[in-house]
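Undergrad: A single structure is presented below for examination.
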Ligand code: ATP
Ligand code: MG
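In my numbering, the protein residues as written are 1365 to 1692.
What follows is the structure, encoded as structure tokens:
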């Protein structure tokens, strides 16, 4: 079977619909056709400051959400990144193949470091994409299901794999991005000009948030001064975002929805989205609570996944170290 690898950061108490539509839905689906490795990437999370108790809780909440969404730990390898040393071992080798200017062109670093000032950003935030390349290459992933914001990092990963192979001989698998156009970028509800993010929670629609609060957020989502429900990403980014969400949660196509709301206002669109979203998250929240009720079992599932992940990733590191000229 072809392989997939993807990761998600435990940087908040809930995933949001952008994470779900951009990535996690594909994670679940790809289990049927691929050998899947899915990681809670806690090493990435500490590239910005995290409170230790929050981080530990969020790792478990992340695992509970992944299980509730349908990741089957018997079928896929679900693990915590920090429990697999091979990621950092491989990252060092890749860092030594990455140009300083090349790393400096990564737009996520520019965006995230702009918030606190580049000088106050950690070196870890700067080298993040290289660790991400190691995450992927350690498992010889053929495909990487992610949102649009990760496309540039994927391109770096491909370049590093090709560079390694050219210099040391064919060793690493060059992965393809797996990005579904219709849901590749979900926008913030209060600012439809920026992507929804865990790290800017004011306008995110969170899977585990209180349902009433989410309904309120949907109803006060920023739209525009017209009244026409029409899909137009440039002229009507807010309405288009709501249409994308409603389309996924109801299974209706966007043209179908445009017809349904002809002559009706944004209030109806928002009301229906609120209802569909509530219907999706209510059983999900109950399922997450069930997994969280037994943290020892959660930890055991993750440890078992970590063991399987290590077996695969250690083999890649051994091959890489041998190629580089280290004594093995
Ligand atoms: P953070 O703000 O901490 O970076 P995040 O919301 O960007 O959090 P990540 O853990 O960095 O989430 O990314 C997990 C996955 O979700 C990645 O595949 C990423 O591409 C995808 N993703 C994140 N935000 C969106 C979004 N707004 N639309 C579509 N996909 C998204
Ligand atoms: Mg992110």
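Glycine is no exception: its CB is placed at the ideal position from the N, C-alpha and C atoms.
Considering Cα atoms alone, identify which of 1689, 1691, 1663 and 1687 is closest to residue 1422.
TA: Nearest to residue 1422 by C-alpha distance, out of 1689, 1691, 1663 and 1687, is 1663.
Undergrad: Starting from residue 1491, trace the beta strand (DSSP E) both ways and give me its first and last residue.
TA: Here residue 1491 belongs to no beta strand (DSSP E); instead the alpha helix (DSSP H) covers 1487-1501.
Undergrad: Return the residue from the list 1673, 1463 and 1398 that minimises the CA-CA distance to residue 1365.
TA: 1398
Undergrad: First and last residue of the alpha helix (DSSP H) that includes residue 1425?
TA: 1416-1433
Undergrad: Tell me which residues share the same chain as residue 1582 and place their Cβ nearer than 8 Å to its Cβ, disregarding the 5 neighbours each side in the sequence.
TA: 1553, 1569, 1606, 1634, 1637, 1638 and 1641
Undergrad: Considering just the uninterrupted stretch of the beta strand (DSSP E) at residue 1399, what are its terminal residues?
TA: Per DSSP, residue 1399 belongs to the beta strand (DSSP E) from 1399-1404.
Undergrad: Give a yes or no on contact between the segment 1520-1532 and the segment 1668-1675, applying the rule of three or more CB pairs nearer than 8 Å.
TA: no
Undergrad: The alpha helix (DSSP H) that contains residue 1519, what's its start and end?
TA: 1515-1532
Undergrad: Where do the ends of the alpha helix (DSSP H) carrying residue 1459 lie?
TA: 1450-1459
Undergrad: Can you tell me which of the three DSSP states residue 1540 falls into?
TA: strand
Undergrad: Find out if the Cβ-Cβ distance for the pair residue 1528, residue 1537 is shorter than 8 Å.
TA: no
Undergrad: Please determine, among 1656, 1452 and 1431, the residue with the shortest C-alpha to C-alpha distance to residue 1392.
TA: Closest option to residue 1392, judged by alpha-carbon separation, among 1656, 1452 and 1431: 1431.
Undergrad: Between the alpha carbons of residue 1451 and residue 1503, how many angstroms are there, rounded?
TA: Going by the C-alpha atoms only, they are around 10 Å apart.
Undergrad: Would you kindly report the start and end of the unbroken beta strand (DSSP E) that includes residue 1509?
TA: 1507-1509
Undergrad: Using the Cβ count rule (16 or more neighbours within 10 Å means buried), how would you classify residue 1681?
TA: buried
Undergrad: To the nearest angstrom, how far is it from the Cα of residue 1612 to the Cα of residue 1602?
TA: 16 Å
Undergrad: Would you mind reading off the limits of the alpha helix (DSSP H) that contains residue 1444?
TA: Premise fails: residue 1444 lies in the beta strand (DSSP E), 1441-1444, not in any alpha helix (DSSP H).
Undergrad: Does the distance from the C-beta atom of residue 1386 to that of residue 1494 stay below 8 Å?
TA: No; because the gap between Cβ atoms is not below 8 Å, this pair is not in contact.
Undergrad: In terms of residues, what are the limits of the alpha helix (DSSP H) holding residue 1674?
TA: Start and end: 1659-1688.
Undergrad: How close, in whole Å, do the beta carbons of residue 1694 and residue 1444 come, if the pair is a contact with beta carbons under 8 Å?
TA: Lying outside 1365 to 1692, the shown extent of the chain, residue 1694 is not represented and no answer is given.
Undergrad: Considering only C-alpha positions, which residue in the set 1677, 1587, 1465 and 1561 is nearest to residue 1384?
TA: 1561
Undergrad: For residue 1406, is the classification buried or exposed, using 16 other Cβ atoms within 10 angstroms of its Cβ as the cut-off for buried?
TA: buried
Undergrad: Measuring straight from C-alpha to C-alpha, what distance separates residue 1620 and residue 1453?
TA: 50 Å
Undergrad: Give every residue of the same chain whose Cβ lies closer than 7 Å to the Cβ of residue 1629, excluding the five residues on either side of it in the sequence, and list them in chain order.
TA: 1591
Undergrad: Measure the alpha-carbon distance for residue 1687 versus residue 1492 and round it to whole angstroms.
TA: 24 Å
Undergrad: Taking all protein chains shown into account, do 16 or more other C-beta atoms lie within 10 angstroms of the C-beta of residue 1514, making it buried, or fewer, making it exposed?
TA: buried
Undergrad: Closer than 7 Å: is that where the CB of residue 1513 sits relative to any heavy atom of ligand 2?
TA: yes
Undergrad: Please name the residue in 1474, 1532 and 1564 whose C-alpha comes closest to that of residue 1379.
TA: The shortest Cα separation from residue 1379 among 1474, 1532 and 1564 belongs to 1564.
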